[in-house]
Each structure stands twice: as structure tokens, then as C-alpha cells.
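In what follows, a structure is listed as C-alpha cells, so that the remarks can point back to it.
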Amino acid sequence: MAEATPEKKIANAMKAMDEGDFKKAYTAFKKLAAEIPDNADVWYYKAECGNYASGMFGAKVDVQEIMDAYKKAIELDGDRVDYYQSYGLFCISVNKYDEAEKAYCEAAEMDESMSASLYSEFAIEYYNNVMATYGEIMEDPKARAPYGKKALEYMLKALDMTPDEAKSLL
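Each residue of the sequence shown is one higher than the one before, counting from 2 in the numbering used here.
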């Protein structure tokens, strides 16, 4: 029996992912990344499945391995806003805020039509993650201030509004 083609292997991995079996899909995409290392989608889906498998299903997938897979997808196809956006969202989830900010900004620069939604998504996801991560500390307005300021700066970017304009409206 002939070995399945790379296209068939990708289709099988996608099927596992679509069915919610992220551990199986991750394993398949990990093998595919070694077999066809120049395929950006394979690296992207490896990262996505690793993220979901480790997050929702408790698989032991190294954070750095997931980050590296996202970076490899971006290296191979740097014109995909969704790659940057997903990478940024993952970075937020693992408290790599500077890396997340950079990814979101790059995505927003690539597609200005999406910049408002990307900036606002970063602001909200960043702030929510900080609040969840640092819990009680965030009840103190002074401790919360730098995080709130950064989130607010990105919300103003999303609205294409200066701080003075915002103040005048409030």
C-alpha cells in the first residue's frame, strides 16, 4: 500500500482538527512540519493545534515550541494577518505581552482595513489577561494604572482618537 501523499496527510490532520481532536491533529501537523518544512499552513496549524491541545485538553506542549511554530509560519508567509493575530493572541495567553503587542502592531500595519479591530482586540485581550493573571493586585488603581493605560492607548488607536479628543468627549 502506497504511503499517503502530503496533501492527504494534511487533509487528515485538518479533519482531526475540525473534529476537535487537537492532540491527534497536533501530532499529525508536527510530523508534517518535519516532512514539508516549507509549508506555512502546516506550521500555523501545528501552532494552533498545540495551543488548543495544551490549553483545553491538557497536552504537554512546550510554550516555546508553539511560539516557534507561529514564527516559522510567519517567516514562510509574512503576508498573513491571521498568522500575526493568532500569534499575538497566543502570546497574551502566556503573558508574553511585548511579543503580543509587536505581533498585533505588525498585523495592523499590514492591513489598515483591520487595524481598528486588531488594536481593540489587543487592548481587550491584554487587559483581561492581566486582570485574570494578577487578580487581587489589580484591585489597586495604582497597580492597575500602567496596564489600563496601555489598553486605553490601543483603544484610542482603534478609534483613531487622541487622548485630548477622548477627554473632551467624556
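Cβ atoms here follow ideal geometry from the backbone N, Cα and C, with glycine treated the same way.
Every value quoted in this text rests on a predicted model; they were computed, and no experiment measured them.
### Task
Have a look at residue 156 and residue 124 and give me their C-alpha separation to the nearest angstrom.
Position 155 of the sequence shown, counting from 1, holds the residue named residue 156. Position 123 of the sequence shown, counting from 1, holds the residue named residue 124. If I take the Cα positions, the gap works out to 6 angstroms.
### Message
Can you tell me where the alpha helix (DSSP H) holding residue 134 begins and where it ends?
### Response
Here residue 134 corresponds to residue number 133 of the sequence shown, with the count starting at 1. Element bounds for residue 134: 116–135.
### Message
Here's a check: name, in chain order, each residue in its chain whose Cβ is nearer than 7 angstroms to the Cβ of residue 62, leaving out the five neighbours to either side.
### Response
Sequence index remark: in the sequence shown, residue 62 carries index 61 (1-based). Here the set comprises 27, 51, 54 and 55.
### Message
Here's a check: name, in chain order, each residue in its chain whose Cβ is nearer than 6 angstroms to the Cβ of residue 64, leaving out the five neighbours to either side.
### Response
Your numbering for residue 64 matches position 63 in the sequence shown. The answer, listed in chain order, is 95.
### Task
Please name the residue in 169, 126, 166 and 134 whose C-alpha comes closest to that of residue 151.
Against the sequence shown, residue 151 aligns to sequence position 150. Nearest C-alpha to residue 151: 126.
#### Entry: Opening and closing residue of the alpha helix (DSSP H) in which residue 28 lies
Residue 28 sits at position 27 when you count from the first residue of the sequence shown. 23–36 is the span of the alpha helix (DSSP H), which, as asked, contains residue 28.
### Message
With distance defined between alpha-carbon atoms, name the residue in 34, 75, 88 and 168 nearest to residue 174.
### Response
Any question about residue 174 goes unanswered here, given that the chain covers just 2 to 171.
### residue 1, DSSP secondary structure in three states
With the chain covering 2 to 171 only, the question about residue 1 has no answer from this structure.
### Query
Excluding five sequence neighbours on each side, which residues of the same chain lie with their C-beta closer than 7 angstroms to the C-beta of residue 167?
Counting from 1 along the sequence shown, the entry for residue 167 is found at position 166. Only 157 meet the Cβ criterion.
### Query
Is it right to say residue 93 is buried, meaning 16 or more other beta carbons lie within 10 angstroms of its own, or is it exposed?
One-based indexing of the sequence shown puts residue 93 at position 92. Looking at its Cβ environment, which holds 16 or more other Cβ atoms inside 10 Å, residue 93 is buried.
### Query
Which residues bound the alpha helix (DSSP H) around residue 76?
Here residue 76 refers to the residue found at position 75 when the sequence shown is read from its first residue. Note, residue 76: alpha helix (DSSP H), 64–77.
### Query
Using the rule of at least 16 other Cβ atoms within 10 Å of the residue's Cβ for burial, across every protein chain shown, is residue 171 buried or exposed?
Numbered from its first residue, the sequence shown carries residue 171 at position 170. Label assigned to residue 171: exposed.
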